[in-house]
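Residue numbers (the working numbering): 474 to 657. Even for Gly, the Cβ is constructed at its ideal location relative to N, Cα and C. Contents: one structure, followed by commentary.
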Amino acid sequence: MKRAEKFFAVFAKILGILSITFLFLLVCFVLFNVCARYFFHYGNVALQELEWHFFACMFLFGMSYTLQQDAHVRVDVIYDSLSPRKKAYINIFGVIFFLLPFALLIVCVSPDFVIEAYESGETSADPGGLAYRWIIKSTIPICFGFLIISAIGFIVQNINALIQIKKTGFAEFFVNSQNSAKGV
């Protein structure tokens, strides 16, 4: 099980690096667009739309990494006071009954959205905007597929934590996840 956990961790780390790359590109494009607009009175709709595409990719690819790091947003004041064993059970339950069904729904429904954009040759509604809208739309089912893989890894991670708790009385996973979002 530890080898499987390491595989899922490496997989999520690669997606985290992709997410950071999109963040870097987003910052560069925003900086360029702001400087071009205010200093050179130059604007480009396609570049502005590309910013939104980078933001979407940053978010979509980052979901899997954030889950694997247990750094996702929690609106739960009770969870923090629970024992690591109870946290692991809550994590497993939440993934199986909430995250996986939602992610599977998105993976099953969104390809039609992509195919329709491809077949219709959908482009930006703005003059000078980006063509091939299906490319950015295709990241939705792909990244939710990645999220499903990471969710399975998160379940494995929590099962390993339960095994470790049974053997040693504590789980390294919950000790290390006390910090919020960690760096890649």
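Does the Cβ of residue i have 16 or more other Cβ atoms within 10 Å, making it buried, or fewer, making it exposed?
i	result
residue 557	buried
residue 609	buried
residue 560	buried
residue 606	buried
residue 549	exposed
residue 540	buried
residue 578	exposed
residue 514	exposed
residue 638	buried
residue 599	exposed
residue 543	buried
residue 616	buried
residue 489	buried
residue 653	In this prediction, residue 653 has a pLDDT of 46, which is less than 50 and means its spatial position is unreliable; nothing more can be read from the coordinates.
Nearest to residue i by CA position, among the options, is which residue?
i	options	result
residue 480	524, 623, 606, 618	623
residue 528	544, 491, 599, 591	491
residue 478	642, 641, 636	636
residue 612	534, 523, 494	534
residue 634	554, 599, 564, 486	564
residue 569	628, 476, 647	628
Assuming residue i contacts residue j (C-beta within less than 8 angstroms), just tell me the rounded distance between them.
i	j	result
residue 587	residue 618	Not a contact, Cβ separation roughly 12 angstroms.
residue 524	residue 502	5 angstroms
residue 601	residue 519	6 angstroms
residue 485	residue 626	7 angstroms
residue 603	residue 537	Contact flag wrong, Cβ pair sits at about 25 angstroms.
residue 474	residue 632	7 angstroms
residue 647	residue 630	Not a contact, Cβ separation roughly 10 angstroms.
residue 584	residue 614	5 angstroms
At 4 residues or longer, and completely inside the segment 578-645: list those alpha helix (DSSP H) runs for me, N to C.
Qualifying alpha helix (DSSP H) stretches, in chain order: 606-641.
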